[in-house]
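Numbering (my numbering), first residue to last: 3 to 187. In this text, a Cβ means the ideal position worked out from N, Cα and C, and glycines have one as well. Note that the structure is predicted; figures quoted are calculated from it, not measured.
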Amino acid sequence: MMHDEAMNAYISLLERREATWAAVDQRPLRVHFFNTFFFTTLTSGRDEAYNYESVARWSRDIDFKEYETVLIPINVANIHWLLAVVHPQRRVVDTYDSLGSASDWMLQCIVQWGQDDARTYSHPRGRWRKHEVRCRKQDNGKDCGVFVLKRMDYISRGIAPERMAGSMNYYRRRIAAELFAMTIL
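Dropping the structure here:
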């Protein structure tokens, strides 16, 4: 399993690429990236229960009406990564889990966050839906972080993550090279 610091470093590179593309195209940002601590913080506190107040400030200056996609990496019990993809304008939460272990509780926490954030900051309101996306599965116990980061990469580029066909060893080496170069190649 990939360490959270490596995950966050790569997420920062994805954020920087999105900001560069937006500046070059003279358009607003389309994708917002939360780091690996968002969901952990959202579900921290007494009994690891949902706690909106713990993350309310994270989105205080973010107008989700302007974003097409919000990407949230989720660490499951410090042994597995999965990805929640929030589409605020459509009020949909998609999850990509290479092991198929996403609990309904996790999805409901993200949906509840979307509803609470909309109410707090006057974002689009309405009924939210959750959807577990059928996706490529990992065949070992170590590739979940690679799956999440490359899905974030593909989704942020507007490419369907189902097109991710390369070997995980290739993607792992590519992520390492991009982290070393401090840029997405």
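Three-way DSSP call (helix, strand, coil) for residue i in this model
i: residue 97; result: strand
i: residue 57; result: coil
i: residue 73; result: strand
i: residue 11; result: helix
i: residue 178; result: helix
i: residue 36; result: coil
i: residue 167; result: coil
i: residue 51; result: coil
i: residue 24; result: helix
i: residue 183; result: helix
i: residue 85; result: strand
Test item: CB-CB of residue i and residue j under 7 angstroms
i: residue 75; j: residue 38; result: yes
i: residue 170; j: residue 145; result: yes
i: residue 36; j: residue 16; result: no
i: residue 132; j: residue 78; result: no
i: residue 125; j: residue 118; result: no
i: residue 111; j: residue 52; result: yes
i: residue 104; j: residue 85; result: no
i: residue 12; j: residue 161; result: no
i: residue 98; j: residue 135; result: yes
i: residue 31; j: residue 24; result: yes
Which listed residue (the options) has its alpha carbon closest to that of residue i
i: residue 186; options: 128, 65, 55 and 155; result: 155
i: residue 55; options: 150, 157 and 115; result: 115
i: residue 167; options: 153, 59 and 19; result: 153
i: residue 158; options: 64, 25, 135 and 20; result: 20
i: residue 82; options: 128, 42 and 172; result: 42
i: residue 182; options: 8, 4 and 3; result: 8
i: residue 148; options: 180, 18 and 127; result: 180
i: residue 59; options: 150, 175, 122 and 129; result: 122
i: residue 102; options: 139, 127 and 93; result: 139
i: residue 80; options: 23, 13 and 3; result: 3
i: residue 151; options: 127, 163 and 143; result: 163
i: residue 93; options: 73, 65 and 128; result: 128
Practice problem: Kindly confirm or deny that the stretch 83-95 and the stretch 50-70 touch, where touching means at least three C-beta pairs closer than 8 angstroms. | Solution: Verdict: yes, contact present.
Quiz item: Fully enclosed by the stretch 96-151, which alpha helix (DSSP H) runs are 4 residues long or longer?
Solution: Correct list: 106-123.
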